[in-house]
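From first to last, the protein sequence lines stand for chains A and B.
Read left to right, the first sequence gives residues 1 to 364 (this note's numbering).
Read left to right, the second sequence gives residues 365 to 728 (this note's numbering).
Since the structure comes first, as structure tokens, the remarks are kept for the end.
Protein chains: 2
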Amino acid sequence: MDRILLGHGSGGRLMHQLIKEYFVPEFDMKTLGDSAVIDIIADCGIRNADNAPSYPPLKLRGGRGSYELKTQNSKLPRFAFTTDSYVVSPIFFPGGNIGELAVYGTVNDLAMVGARPVYLSAGFIFEEGFLIDDFRRILGSMANAAKRSGVKIVAGDTKVVNKGKGDGIFINTSGIGIIADGIEISPKNIKAGDKIIVTGTIGSHGVAVMAERNGLSFDPPVLSDTAPLNDMVQEMLSNGEVHAMRDPTRGGLATTLKEMAMESNLCLEIREDSIPIAQGVKGASELLGLDPLYIANEGIFVAVVKNNEAEDLISIIRRNPLGKNANIIGEVSESPSGKVLLKTMIGGTRILDMLAGEQLPRIC
Amino acid sequence: MDRILLGHGSGGRLMHQLIKEYFVPEFDMKTLGDSAVIDIIADCGIRNADNAPSYPPLKLRGGRGSYELKTQNSKLPRFAFTTDSYVVSPIFFPGGNIGELAVYGTVNDLAMVGARPVYLSAGFIFEEGFLIDDFRRILGSMANAAKRSGVKIVAGDTKVVNKGKGDGIFINTSGIGIIADGIEISPKNIKAGDKIIVTGTIGSHGVAVMAERNGLSFDPPVLSDTAPLNDMVQEMLSNGEVHAMRDPTRGGLATTLKEMAMESNLCLEIREDSIPIAQGVKGASELLGLDPLYIANEGIFVAVVKNNEAEDLISIIRRNPLGKNANIIGEVSESPSGKVLLKTMIGGTRILDMLAGEQLPRIC
Chain A
1 MDRILLGHGS GGRLMHQLIK EYFVPEFDMK TLGDSAVIDI IADCGIRNAD NAPSYPPLKL
61 RGGRGSYELK TQNSKLPRFA FTTDSYVVSP IFFPGGNIGE LAVYGTVNDL AMVGARPVYL
121 SAGFIFEEGF LIDDFRRILG SMANAAKRSG VKIVAGDTKV VNKGKGDGIF INTSGIGIIA
181 DGIEISPKNI KAGDKIIVTG TIGSHGVAVM AERNGLSFDP PVLSDTAPLN DMVQEMLSNG
241 EVHAMRDPTR GGLATTLKEM AMESNLCLEI REDSIPIAQG VKGASELLGL DPLYIANEGI
301 FVAVVKNNEA EDLISIIRRN PLGKNANIIG EVSESPSGKV LLKTMIGGTR ILDMLAGEQL
361 PRIC
Chain B
365 MDRILLGHGS GGRLMHQLIK EYFVPEFDMK TLGDSAVIDI IADCGIRNAD NAPSYPPLKL
425 RGGRGSYELK TQNSKLPRFA FTTDSYVVSP IFFPGGNIGE LAVYGTVNDL AMVGARPVYL
485 SAGFIFEEGF LIDDFRRILG SMANAAKRSG VKIVAGDTKV VNKGKGDGIF INTSGIGIIA
545 DGIEISPKNI KAGDKIIVTG TIGSHGVAVM AERNGLSFDP PVLSDTAPLN DMVQEMLSNG
605 EVHAMRDPTR GGLATTLKEM AMESNLCLEI REDSIPIAQG VKGASELLGL DPLYIANEGI
665 FVAVVKNNEA EDLISIIRRN PLGKNANIIG EVSESPSGKV LLKTMIGGTR ILDMLAGEQL
725 PRIC
């Protein structure tokens, strides 16, 4: 393969290959997840007298002394840092637009590592000729979305490319969150016996965008589920033992479960009849020839939680309007390691792999 | 005006208008500079018992208690946060490529508020069909540039748009830096009597890109000056009183000086014959019909420093290979407030304004 394909951006196997083969070795990255958990002390290489990582007050020594990092024995909290570019087409779709998607998507990436989202940046790439009115509408949505999520947009950038060299508007948002002591969220913490929760119905975002793109409308309409998940995450973290979380955006539920299975080296078994899916999405998927398990979502997440806390957590999640359709969809077993097994409605077992190629390009 | 123009991305007056009219009010932004200085304590709204902003250890209260932010009386350092999208065309040019530009550009934005750059994110938007070999070359340049700058690239994202809806590759980098106690860099700190320093020759980056775009070559070739400025910044901060810094990228030296004049409400007076400019850039600018004062730079910065420390600082800067052509180009006076005056070689005075329209679209 010598060229980038649309599938490289679809969140599935091609993208994972690209990340694994190029990004990780070149940048010496430790994680394949969306948010990096950063330890600014360790990464600054700052040590105290005992050679332990230590918080630098970073004082200037005297007026003209050297710019030296002094240390003391206090600790910095851990932060989460993430980035996402949004190229969804069309930019306005039932239930949302590229602006709120760009805010909620990045807020959710931070929330998925247990961070409290605090700051966002917003970088715009316009195609010459883009309507200022559309820009204002998008900006307004972003401001509202930031308010709803409790984050501040503090840095911005604007670039313009010639007509025909872009597609209206692309938005990058990067985000910083702060992680509470004691919070450790990672597929590596998944244990056999854990329960798998999905916090809402699947497939709405992808179907809403595809419908708009193809000029279809449904009655009742299928709306994107784009929403901030950070409050629901905090409710869960304060009430139970959550081992891993991830939002099934590009690549859909199946790809996210497969990532978790591979990163934990365990088997995730789910039951088809327990997966929440709206009637409209089911019908539309059949019509469009799409598998809802691979359709992108923007307002739900998968949580893998301690076995005997799952029922309590489900009732807590369901009290949140965004979680009213939450369900336990399966559990974790030892083997076959790295696999996702779907128990189908007719009693068969299907092995779920990552999305191959592009089912839905430019969905976010 | 109802549509986005190329000039909205050129760093000049149109872009400032866009930021001021839309971004600042919608996002309630405090600064117009490239990097936001963030105070995570104040922005989390966290207070200690005395109602003073206070660092939260963010401990979970008990196993199932509420997710409460407890406070103690230690302090968090200030961070800088910045974002930039790179859409330079062509992506390979004499002296560099889009990859190292994306790293150094963001490193420099952090350095300009006195921060030590620590983390970068990298978000890629590919046009379908982009050559993997070119991607590898760019990624390699980014990894080298990160190493040279002392930063880690810790978060990434990949999107692909259809053929004809992008232009090869666009890169967004966002960055986080840490700011030492006592460092306050802002045009608001500029005082009448301060000296204005430029750390190197102007116009190289813009001329290198324009030459490549137009198939011109010069002998000797004009190379982009793209380089990380953070070390030179640290050398200056440890050796003198620096009031303001800014790197004159899009919009060139004139636009940057005008920003500083407006934000400080003072007058910046510079002498044309003291502005360092390479022969090749001078010749090429004449050939291309460009004013070097408005041509983009990527490896120099403007520093406004305390009057009686300027000479010492200049000799320190000149010891750094990136600063060997540094010069004092003028000084600050009370009035006319908000203006930049250029004393020309023939003895006249020219008022410099921001770049109007687009002199050089897609230069970074």
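Built from N, CA and C at the ideal position, the CB exists for glycine as well.
Note that the structure is a prediction, hence the values are computed from the model and not measured.
Exposed unless 16 or more other CB atoms sit within 10 angstroms - verdict on residue i
{"i": "residue 594(B)", "result": "buried"}
{"i": "residue 359(A)", "result": "buried"}
{"i": "residue 556(B)", "result": "exposed"}
{"i": "residue 167(A)", "result": "buried"}
{"i": "residue 675(B)", "result": "exposed"}
{"i": "residue 629(B)", "result": "exposed"}
{"i": "residue 90(A)", "result": "exposed"}
{"i": "residue 435(B)", "result": "Residue confidence is low: residue 435(B) scores 37 on pLDDT, short of 50, so the model does not pin down where it sits. Its coordinate-derived value is still stated next. Buried: at least 16 other Cβ atoms inside 10 Å."}
{"i": "residue 449(B)", "result": "buried"}
{"i": "residue 73(A)", "result": "Since pLDDT at residue 73(A) reaches only 37, below the 50 mark, its modelled position is unreliable, and no value is offered."}
{"i": "residue 232(A)", "result": "buried"}
{"i": "residue 623(B)", "result": "buried"}
{"i": "residue 492(B)", "result": "buried"}
{"i": "residue 552(B)", "result": "exposed"}
{"i": "residue 117(A)", "result": "buried"}
{"i": "residue 131(A)", "result": "exposed"}
{"i": "residue 620(B)", "result": "buried"}
{"i": "residue 69(A)", "result": "Unreliable placement is indicated for residue 69(A), whose pLDDT of 40 sits below 50; the coordinate value is still reported in the next sentence. Buried."}
{"i": "residue 64(A)", "result": "Annotation note: pLDDT 34 at residue 64(A) (below 50); position unreliable, coordinate value reported separately. By the neighbour-count rule (16 or more Cβ atoms within 10 Å), residue 64(A) is not buried but exposed."}
{"i": "residue 521(B)", "result": "buried"}
Beta bridge counterpart(s) of residue i as assigned by DSSP
{"i": "residue 536(B)", "result": "449(B) and 487(B)"}
{"i": "residue 691(B)", "result": "562(B)"}
{"i": "residue 665(B)", "result": "DSSP lists no partner for residue 665(B)."}
{"i": "residue 716(B)", "result": "704(B)"}
{"i": "residue 634(B)", "result": "694(B) and 706(B)"}
{"i": "residue 479(B)", "result": "543(B)"}
{"i": "residue 79(A)", "result": "38(A) and 178(A)"}
{"i": "residue 93(A)", "result": "96(A)"}
Cross-chain neighbours of residue i in chain A, by beta carbon under 7 Å
{"i": "residue 726(B)", "result": "161"}
{"i": "residue 306(B)", "result": "The structure shown does not extend to residue 306(B), since chain B is modelled only from 365 to 728, so the question has no answer here."}
{"i": "residue 400(B)", "result": "154 and 155"}
{"i": "residue 538(B)", "result": "83, 121 and 174"}
Residue i: contacting residues in chain B (beta-carbon distance under 9 Å)
{"i": "residue 82(A)", "result": "485, 519 and 521"}
{"i": "residue 136(A)", "result": "386 and 390"}
{"i": "residue 87(A)", "result": "489, 523, 524, 525, 529 and 530"}
{"i": "residue 139(A)", "result": "386, 387, 390 and 391"}
{"i": "residue 186(A)", "result": "Residues of chain B passing the Cβ test: none, with the nearest at roughly 15 Å."}
{"i": "residue 264(A)", "result": "The contacting residues do not exist; residue 264(A) stays about 21 Å from chain B at best."}
N-terminal and C-terminal residue of the beta strand (DSSP E) that residue i is part of
{"i": "residue 38(A)", "result": "35 to 38"}
{"i": "residue 238(A)", "result": "Looking at the DSSP string, residue 238(A) is not in any beta strand (DSSP E), and its letter there is neither H nor E."}
{"i": "residue 523(B)", "result": "516 to 525"}
{"i": "residue 128(A)", "result": "Per DSSP, residue 128(A) belongs to no beta strand (DSSP E) and is neither H nor E."}
{"i": "residue 366(A)", "result": "As displayed, chain A neither begins before 1 nor continues past 364, which places residue 366(A) out of reach and without an answer."}
{"i": "residue 1(A)", "result": "Note, residue 1(A): premise wrong, no beta strand (DSSP E); not H, not E."}
{"i": "residue 246(A)", "result": "242 to 246"}
Neighbour list for residue i in chain A, Cβ cutoff strictly below 8 Å
{"i": "residue 684(B)", "result": "Within 8 Å Cβ-Cβ: nothing; residue 684(B) doesn't reach chain A, min ~14 Å."}
Unbroken alpha helix (DSSP H) run spanning residue i, endpoints
{"i": "residue 105(A)", "result": "98 to 111"}
{"i": "residue 681(B)", "result": "674 to 683"}
{"i": "residue 254(A)", "result": "252 to 264"}
{"i": "residue 506(B)", "result": "496 to 513"}
{"i": "residue 645(B)", "result": "643 to 652"}
{"i": "residue 211(A)", "result": "204 to 213"}
{"i": "residue 381(B)", "result": "377 to 382"}
Listed by chain order, chain B residues near residue i by CB distance under 7 Å
{"i": "residue 15(A)", "result": "522"}
{"i": "residue 3(A)", "result": "493, 494, 495 and 496"}
{"i": "residue 143(A)", "result": "390 and 391"}
Listed by chain order, chain B residues near residue i by CB distance under 8 Å
{"i": "residue 126(A)", "result": "368, 372 and 373"}
{"i": "residue 18(A)", "result": "522"}
Proximal residues of chain A, C-beta to C-beta of residue i below 9 Å
{"i": "residue 531(B)", "result": "161, 162, 164, 165 and 166"}
{"i": "residue 456(B)", "result": "Simply none; closest approach about 17 Å."}
Open item on the list: Could you check whether the region 276 to 293 of chain A touches the region 174 to 181 of chain A, counting it as contact only if at least three pairs of C-beta atoms, one from each stretch, sit closer than 8 Å?
Closed with: no
Open item on the list: For the structure I just gave you, are there three or more beta carbon pairs, one from the region 248 to 262 of chain A and one from the region 8 to 28 of chain A, closer than 8 Å?
Closed with: yes
TODO: Count the C-beta pairs between the region 636 to 644 of chain B and the region 511 to 526 of chain B that are closer than 8 Å, then say yes if the count reaches three, no if not.
DONE: no
- [ ] Mind the definition here: the region 135 to 155 of chain A touches the region 206 to 218 of chain A only if three or more C-beta pairs lie below 8 Å; say whether that holds.
- [x] no
Open item on the list: Assess contact between the region 560 to 568 of chain B and the region 190 to 206 of chain A, defined as three or more Cβ pairs (one per stretch) separated by less than 8 Å. Is contact present?
Closed with: no
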